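See below for the structure under consideration.
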Amino acid sequence: MSLLDITLFLIGLISSFVVGGNNSATSLGILVSTNALRRKFSYLISSLSMFLGVSIGGLSLQGSIHGTINGNQTYLSVAVLSVLFASVISFYYLNKSGIPSSLSQMIYPSLAILVLISSSKLTLDWSKFWFTVSSWFFSPFLAIISAIIFYYALIKITSKEKKIIKEMKIYKYLIISSAVFTSFVTGANAVGIIASAGLLSEPVYIVYPLYGLAASLGIYFSSKKASIVVGFRLTRMGYLSATSALIGGDIISEVFTLLGVPISITQTIMGGVLGLSFRSFGHDVKNQLTQVAKGWLTSPILAIVASLAAFGIIKSLLGL
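Each residue of the sequence shown is one higher than the last, beginning at 20 in my numbering.
Following this line, the structure appears as structure tokens:
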């Protein structure tokens, strides 16, 4: 195992930790803010769901990077390492700045640019690339429709229940279910694309469990503040609306995950939230739309610039 392989594997491990901690804010937040479970159980169930999402659900994304981009092994590893490192740094910075961003929207355009400037040393499955890119535009709209349908279905189910105690139990189970599903899908897709990159350095049986463990640890050590903020924003919508938004977005994300497409988890969930928020279009919804637009425009550009810089530096260090 070369130093380059070790570095790529470790960057993937750190990336899984960062993305696991950041993207778990939605699922963990709704559990914490509603007290559906005790705090320690909220962390435990979110971590287990994330681990299973990466180690099992993420297997459908094995070919999202590994096999989609090909070429000289050393050159390929340098390109993927550069893009992964630059994308995760950009992802972390943008999300901390309050701009919701998607890792796949950073990684794919950056890889495409490096392929174009690689003088035929790298090749890309362009049909898969364009299908993935197009999915970023229509998946939020599918999430909006899914969330609205799910919401009205739940309204019919809960309206039939006359006993308030039993109705509250239904709400509790819905909240827990939506949190578990969200963690699983986040692990499968958002961390799944990182694990696919890790396959350039280590086999499946090493990469997926260890990256899943890193993502789970990220929940324990780097998600507290974000989960509190996101959780109370969600519950402000109401329990039915919040769970419908999450599950509606998750359903679309999981469908694309099973198809092997690294969808934007951030934007499908935002699509679900917006779908339910449109019932009372106001200042808050306009702010969310503005944030989504900023993410769409800023994420790829920042990641491409950072990837080109990292690619140039690493190539110089290796004498390529």
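Where a beta carbon is used, it is the ideal one built from N, C-alpha and C, also for glycine.
Because the structure is a prediction, the values reported are computed rather than measured.
Would you kindly work out how many angstroms separate the C-alpha atoms of residue i and residue j, rounded to a whole number?
{"i": "Val210", "j": "Leu173", "result": "30 Å"}
{"i": "Glu273", "j": "Gln81", "result": "15 Å"}
{"i": "Gly279", "j": "Asp269", "result": "15 Å"}
{"i": "Leu27", "j": "Ala198", "result": "31 Å"}
{"i": "Ile189", "j": "Arg58", "result": "20 Å"}
{"i": "Ser345", "j": "Ile288", "result": "Because the chain is modelled from 20 through 339, residue 345 falls outside the range shown and cannot be assessed."}
{"i": "Ser61", "j": "Tyr192", "result": "13 Å"}
{"i": "Leu50", "j": "Ala322", "result": "32 Å"}
{"i": "Gly347", "j": "Ala207", "result": "No answer is possible for residue 347: the residues shown for the chain start at 20 and end at 339."}
{"i": "Asn91", "j": "Asp144", "result": "15 Å"}
{"i": "Leu327", "j": "Ser35", "result": "22 Å"}
Based on Cα-Cα distance, which residue from the options lies nearest to residue i?
{"i": "Leu141", "options": "Thr87, Pro159 and Gly206", "result": "Thr87"}
{"i": "Ser335", "options": "Ser120, Ala98 and Tyr227", "result": "Ala98"}
{"i": "Val223", "options": "Ile75, Ser68 and Gly39", "result": "Ile75"}
{"i": "Trp149", "options": "Ser138, Ala131, Ser165 and Leu135", "result": "Ala131"}
{"i": "Ala329", "options": "Thr45, Ser46 and Ser101", "result": "Ser101"}
{"i": "Ile195", "options": "Leu56, Ser109, Ser34 and Ser35", "result": "Leu56"}
{"i": "Leu277", "options": "Ser138, Ala325, Thr205 and Leu337", "result": "Thr205"}
{"i": "Ile333", "options": "Thr93, Phe200, Val51 and Gly72", "result": "Thr93"}
{"i": "Ala261", "options": "Ile163, Val324, Gly331 and Phe240", "result": "Ile163"}
{"i": "Gly331", "options": "Pro159, Ser109, Ser137 and Leu259", "result": "Ser137"}
{"i": "Ser79", "options": "Phe275, Thr285, Ile284 and Ser21", "result": "Phe275"}
{"i": "Ile108", "options": "Leu232, Ile271 and Ala325", "result": "Ala325"}
If you run the structure through DSSP and keep just helix, strand and coil, what is residue i?
{"i": "Leu141", "result": "strand"}
{"i": "Leu278", "result": "coil"}
{"i": "Leu339", "result": "coil"}
{"i": "Ser146", "result": "helix"}
{"i": "Pro228", "result": "helix"}
{"i": "Ile213", "result": "helix"}
{"i": "Leu218", "result": "coil"}
{"i": "Ile323", "result": "helix"}
Give me, in chain order, the residues of the same chain whose beta-carbon lies closer than 7 Å to that of residue i; leave out the 5 immediate sequence neighbours on both sides.
{"i": "Val152", "result": "Tyr127"}
{"i": "Asn114", "result": "Asn41 and Ser120"}
{"i": "Pro319", "result": "Gln124, Met125 and Pro128"}
{"i": "Gly77", "result": "Gly206, Ala207, Val210, Gly211, Ala214 and Tyr227"}
{"i": "Ser154", "result": "Phe275, Val280 and Ile282"}
Give every residue of the same chain whose Cβ lies closer than 8 Å to the Cβ of residue i, excluding the five residues on either side of it in the sequence, and list them in chain order.
{"i": "Gly31", "result": "Leu103, Ile213, Ala214, Ala216, Gly217, Ser220, Val226 and Tyr230"}
Ordered along the chain, which non-local residues of its own chain (more than five positions away) have a Cβ less than 6 Å from that of residue i?
{"i": "Ser235", "result": "Ser66, Met69 and Phe70"}
{"i": "Ser83", "result": "Ile212, Ser215 and Pro281"}
{"i": "Phe169", "result": "Ser263, Ile266 and Gly267"}
{"i": "Leu23", "result": "Ser96"}
{"i": "Ser165", "result": "Gly267, Ile270 and Ile271"}
Query raised in the report: What alpha helix (DSSP H) runs, 4 residues minimum, are completely inside the region 27 to 111?
Result: The qualifying runs are 44 to 53 and 58 to 74.
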